[in-house]
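Asks:
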Amino acid sequence: MSDTSRSMTELRRSGSIVEGATARPAPVPEGVTPSQGGLDAWSPRVTPPIGIDLTDEQTLACAFRILAECAFSENIAGHITWVRDDRGTMLVNPWGLWWEEVKASDLCVVTADAEFVAGRWDVTPAIHIHTEIHRADPRARVVAHNHPYHATVLAALGLLPDIFHQTGTMFDGDLGFVAEYAGEIDSRELGADLAQRIGDASVVVLANHGVIVTGPTVEEVTYRAASFDRQCRLAYDLLVAGRAATTVTPDVRGAMKASLLERGTDVFWAGAVRRLLRTQPEVMD
Ligand SMILES: [Zn+2]
Numbered sequence: 315m316s317d318t319s320r321s322m323t324e325l326r327r328s329g330s331i332v333e334g335a336t337a338r339p340a341p342v343p344e345g346v347t348p349s350q351g352g353l354d355a356w357s358p359r360v361t362p363p364i365g366i367d368l369t370d371e372q373t374l375a376c377a378f379r380i381l382a383e384c385a386f387s388e389n390i391a392g393h394i395t396w397v398r399d400d401r402g403t404m405l406v407n408p409w410g411l412w413w414e415e416v417k418a419s420d421l422c423v424v425t426a427d428a429e430f431v432a433g434r435w436d437v438t439p440a441i442h443i444h445t446e447i448h449r450a451d452p453r454a455r456v457v458a459h460n461h462p463y464h465a466t467v468l469a470a471l472g473l474l475p476d477i478f479h480q481t482g483t484m485f486d487g488d489l490g491f492v493a494e495y496a497g498e499i500d501s502r503e504l505g506a507d508l509a510q511r512i513g514d515a516s517v518v519v520l521a522n523h524g525v526i527v528t529g530p531t532v533e534e535v536t537y538r539a540a541s542f543d544r545q546c547r548l549a550y551d552l553l554v555a556g557r558a559a560t561t562v563t564p565d566v567r568g569a570m571k572a573s574l575l576e577r578g579t580d581v582f583w584a585g586a587v588r589r590l591l592r593t594q595p596e597v598m599d
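Just so you know, the sequence shown maps onto residues 315 to 599 in the working numbering.
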């Protein structure tokens with residue numbers, strides 16, 4: 315993380331976030347070994363499937379609509395990019411469509427340097443936010459960026475959400491804050507500068523701007539992005555409440571995070587796609 319981003323601890327120390335206590339750890343009954351969570355702790359024998367196979371384009375189109383339904387997107391803003399292969403070409407949404415109306419056939423292909431390759435529509439230079447994050451961090455095969463409301467409230471206050479709820483553990487150790495606002499990022503140089511400021515953080519709040527979520531798969535990035543604004547809304551409501559709030563005790567965060575991401579990602583995704591197909595089947599077109 316760059317020296318310009320501020321950690322949650324620093325923000326708490328500055329007194330700019332609700333200063334509460336960590337919830338008391340529950341005593342572990344004698345003879346019980348605390349679970350490390352994740353698939354090692356329990357793996358389902360079977361899970362409800364989506365019911366159909368999706369192409370890459372259909373998969374990404376579903377991600378746009380799922381996140382639009384979660385209020386992650388602000389009308390015309392934002393991109394999700396997906397580097398599918400080692401050549402670095404990526405799928406991306408076009409300029410001019412709102413996330414809630416993207417269909418599989420609307421998606422464009424650009425190179426690792428943001429050169430247009432294919433698609434019905436055009437792609438804005440703001441794609442450089444994404445190309446340079448992909449270039450800087452090969453683990454970030456998927457990058458989602460938009461301006462979810464409650465996250466932008468905290469962004470303007472200079473705050474990151476603390477882990478006030480167990481779902482927030484999925485962000486434990488992964489949050490970053492970029493305090494400088496550099497205006498429109500429309501060149502490779504500006505995108506690279508932002509990527510450098512982001513560093514290792516995979517969920518980044520940009521002051522006066524929005525949020526970037528990165529990850530290895532469309533499913534995981536969609537799950538985390540869909541969950542993040544809710545955690546920000548929770549943090550905001552606690553700020554407004556003006557009372558000290560407890561946070562999840564650090565010693566159980568890792569196990570809970572593993573369970574959410576390893577066990578929850580696929581079933582979140584399958585359920586979200588099933589719901590979408592019931593009401594918006596044209597997303598597949
Ligand atoms: Zn933006």
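We put the beta carbon where it would ideally sit given N, CA and C, even for glycine.
1. Identify which residue in Ala506, Glu498, Ala540 and Gln510 has its Cα closest to the Cα of glycine 490.
2. Count the CB pairs spanning the stretch 528 to 545 and the stretch 449 to 459 that are closer than 8 Å, and state whether there are at least three.
3. Among Ala586, Thr425, Leu473 and Glu414, which has the Cα closest to the Cα of isoleucine 441?
4. When the Cα atoms are used, what is the spatial distance from aspartate 565 to histidine 444?
5. Would you check whether ligand 1 has a heavy atom nearer than 7 Å to the C-beta of glycine 505?
6. I'd like to check one pair, tryptophan 412 with leucine 405: are the Cβ atoms closer than 8 Å?
7. What are the partner residues of leucine 552, as DSSP defines its beta bridges?
8. Distance check for glycine 497 and cysteine 376, CA to CA, integer angstroms please.
9. Is alanine 465 near ligand 1 - that is, is its Cβ less than 7 Å away from at least one heavy atom of it?
10. Taking DSSP as the reference, what is the three-state secondary structure of histidine 448?
11. Of all the options His448, Phe582 and Leu473, which has the alpha carbon lying nearest to the alpha carbon of glycine 524?
12. Which same chain residues end up closer than 8 Å to serine 314 when comparing Cβ atoms and leaving out the 5 residues on each side of it in sequence?
13. Taking the C-alpha atoms as reference points, what is the distance between alanine 584 and alanine 540?
14. Considering only residues of the same chain and omitting the five flanking positions on each side of isoleucine 499, which have a CB-CB separation below 8 Å?
15. Take every Cβ of the stretch 477 to 488, pair it with every Cβ of the stretch 551 to 570, and state whether three or more of those distances are shorter than 8 Å.
16. Can you give the Cα-Cα distance for valine 360 and alanine 586, rounded to whole angstroms?
17. Reducing DSSP to helix, strand and coil, say where tryptophan 583 ends up.
18. Under 7 Å from any heavy atom of ligand 2, does the C-beta of glycine 345 make it?
19. Just the C-alpha distance for glutamate 576 and alanine 558, rounded to the nearest angstrom, thanks.
20. Around the Cβ of asparagine 522, are there at least 16 other Cβ atoms within 10 angstroms (buried) or fewer (exposed)?
21. Since isoleucine 512 is in the alpha helix (DSSP H), which residue starts that stretch and which ends it?
22. Could you tell me which uninterrupted alpha helix (DSSP H) segments, each at least 4 residues in length, are contained entirely in the stretch 345 to 398, listed from first to last along the chain?
23. Do glutamine 350 and alanine 515 count as a contact pair if the criterion is CB distance below 8 Å?
24. Say the cut is 7 Å; is the CB of histidine 637 nearer than that to a heavy atom of ligand 1?
Replies: If we stick to the structure as given:
1. One-based indexing of the sequence shown puts residue 490 at position 176. Closest by alpha carbon: Gln510.
2. yes
3. Start at 1 with the first residue of the sequence shown, and residue 441 comes out as number 127. It is Thr425.
4. Here residue 565 corresponds to residue number 251 of the sequence shown, with the count starting at 1. Here residue 444 corresponds to residue number 130 of the sequence shown, with the count starting at 1. Computed Cα separation, rounded: 34 Å.
5. For the purposes of this step, residue 505 is identified with residue 191 of the sequence shown, where counting begins at 1. No, ligand 1 has no heavy atom inside 7 Å of this Cβ.
6. Working through the sequence shown from its first residue, we reach residue 405 at position 91. Working through the sequence shown from its first residue, we reach residue 412 at position 98. The answer is no: Cβ separation not under 8 Å.
7. As a position in the sequence shown, residue 552 is number 238, starting the count at 1. None; leucine 552 has no bridge partner.
8. For this step, residue 376 is matched to residue 62 along the sequence shown. For this step, residue 497 is matched to residue 183 along the sequence shown. Rounded to the nearest angstrom, the two C-alpha atoms are 30 Å apart.
9. Here the question's residue 465 lines up with position 151 in the sequence shown. Flag unset: Cβ of alanine 465 not near ligand 1.
10. Looking up residue 448 in the sequence shown gives position 134. Histidine 448 falls in the helix class under three-state DSSP.
11. Within the sequence shown, the letter at position 210 stands for residue 524. Just measuring C-alpha positions, the residue of His448, Phe582 and Leu473 sitting nearest glycine 524 is Leu473.
12. This structure leaves residue 314 out entirely; the chain is present only between 315 and 599.
13. Here residue 584 refers to the residue found at position 270 of the sequence shown. Here residue 540 refers to the residue found at position 226 of the sequence shown. C-alpha separation (whole angstroms): 14 Å.
14. Here residue 499 refers to the residue found at position 185 of the sequence shown. Contacts found: Ala440, His442, Ile443, Gly505 and Leu508.
15. yes
16. Residue 360 sits at position 46 when you count from the first residue of the sequence shown. Residue 586 sits at position 272 when you count from the first residue of the sequence shown. Distance between the alpha carbons of valine 360 and alanine 586 is about 18 Å.
17. Here residue 583 refers to the residue found at position 269 of the sequence shown. Helix.
18. With respect to ligand 2, the structure offers nothing, as its ligand set consists of ligand 1.
19. Looking up residue 576 in the sequence shown gives position 262. Looking up residue 558 in the sequence shown gives position 244. Going from the Cα of glutamate 576 to the Cα of alanine 558 covers about 32 Å.
20. Here residue 522 corresponds to residue number 208 of the sequence shown, with the count starting at 1. So asparagine 522 counts as exposed.
21. Numbered from 1 along the sequence shown, position 198 holds the residue referred to as residue 512. Taken as a continuous stretch (DSSP letters only), the alpha helix (DSSP H) holding isoleucine 512 covers 502 to 512.
22. 352 to 355 and 370 to 383
23. Walking along the sequence shown from the start, residue 515 turns up at place 201. Walking along the sequence shown from the start, residue 350 turns up at place 36. Against a cut-off of 8 Å, the Cβ pair of glutamine 350 and alanine 515 comes out as no contact.
24. Any property of residue 637 remains undetermined from this structure, which presents the chain solely from 315 to 599.
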